[in-house]
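**Q** For reference, the structure I am asking about is given below.
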Amino acid sequence: MTPPLHPAGTVAGLQTERLNLRPLTLDDAADYWPLVRDAEILRYVGEKPCESLDAVRALLRDRPLADYANHGYGRLAVTTREDGRFVGWCGLKYLPDLDEVDIGYRFLRDCWGRGYASEAGAAVLRQGFEQLGLQRIVGLVVPDNAASVRVLCKLGLRHERRLRLPLHTEEIDLYAIARAA
41 MTPPLHPAGT
51 VAGLQTERLN
61 LRPLTLDDAA
71 DYWPLVRDAE
81 ILRYVGEKPC
91 ESLDAVRALL
101 RDRPLADYAN
111 HGYGRLAVTT
121 REDGRFVGWC
131 GLKYLPDLDE
141 VDIGYRFLRD
151 CWGRGYASEA
161 GAAVLRQGFE
171 QLGLQRIVGL
181 VVPDNAASVR
191 VLCKLGLRHE
201 RRLRLPLHTE
211 EIDLYAIARA
221 A
């Protein structure tokens, strides 16, 4: 599968009943920092905590901002429509090791259990299928992450297989959903 390419600068934002999703910027670094330094948030993702705002800015440059430039899509900042508060991220990412497009999400701990991942994820899946023309989207999850497994299943993804990715010490489960015919 070749990842869909869209011109840089055309990363589309999304809106749901309670949330706005928009491209991340370097100005989001301070709000983003808890997502990459809180041990409980990082528990299932296999990343080392970012120790400084400079490290967060570098991560934003190297990951979502690079994805926007290379593919025209990526992880999006999620804010509440009510007050504009940054609550996490959700979006798509091309995974060259698997030749798949992955849906991912991460939210601040005080936002867990509010349905934000499911709400944002549903909008991102629609965007992937309807606007980007994807035929298939996967979700990767550590088997012990029951909350994330529930979100993927609620979004309609189904378990396909267990695998081990390069640079990961744990096995992960791959869930997938195909575009409706």
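Reminder that position 48 of the sequence shown reads as 88 in the working numbering, one-by-one numbering, no gaps.
Don't be surprised by glycine CBs; every beta carbon is placed ideally from N, CA and C.
1) Pick from Arg146, Gly179, Gln167: whose alpha carbon is nearest that of Ile217?
2) Report back the beta-carbon spacing between Ile212 and Val189 to the nearest angstrom; my notes put them in contact at under 8 Å.
3) Over the uninterrupted alpha helix (DSSP H) stretch that includes Glu254, give me the two end residues.
4) Which residue's Cα is closest to the Cα of Asp137: Leu64, Ala221, Arg62, Pro206?
5) Considering only their Cβ atoms, is the gap separating Tyr145 from Cys130 smaller than 8 Å?
6) Which partner residues of Asp142 appear in the DSSP bridge assignment?
7) Which residues bound the beta strand (DSSP E) around Glu200?
8) What would DSSP say about Pro104, mapped onto helix, strand or coil?
9) Identify the continuous alpha helix (DSSP H) that holds Leu195 and give its terminal residues.
10) Could you tell me the boundaries of the alpha helix (DSSP H) in which Ala216 lies?
11) Specify the secondary structure class of Leu59 as computed by DSSP and reduced to three states.
12) Looking only at C-alpha atoms, which of Arg219, Glu122, Gly196 sits nearest to Glu170?
13) Quick check: what's the CA-CA separation for Pro183 versus His199?
14) Let's test the definition: count the other Cβ atoms within 10 Å of the Cβ of His111 and tell me whether it reaches 16, buried, or not, exposed.
15) Using DSSP bridges, identify the partner residues of Ala117.
16) According to DSSP, what are the bridge partners of Leu54?
17) Of all the options Arg77, Asp67, Glu91, Arg83, which has the alpha carbon lying nearest to the alpha carbon of Ala117?
**A** The short version:
1) Taking the Cα of Ile217 as reference, the smallest distance to any Cα among Arg146, Gly179, Gln167 is reached at Gly179.
2) Your pair Ile212 and Val189 does not check out as a contact, with CB atoms roughly 11 Å apart and the cut at 8 Å.
3) Since the first and last residues shown for the chain are 41 and 221, residue 254 lies out of range.
4) Pro206
5) Cβ atoms of Cys130 and Tyr145: closer than 8 Å.
6) Lys133, Val178
7) 198-203
8) The three-state secondary structure of Pro104, taken from DSSP, is helix.
9) Neither: Leu195 is in no alpha helix (DSSP H) and is coded neither H nor E.
10) Not the alpha helix (DSSP H): Ala216 falls in the beta strand (DSSP E), residues 212-218.
11) strand
12) The residue with the shortest Cα to Cα distance from Glu170 is Arg219.
13) 10 Å
14) buried
15) Arg62, Trp129
16) Leu61
17) The shortest C-alpha separation from Ala117 is found at Asp67.
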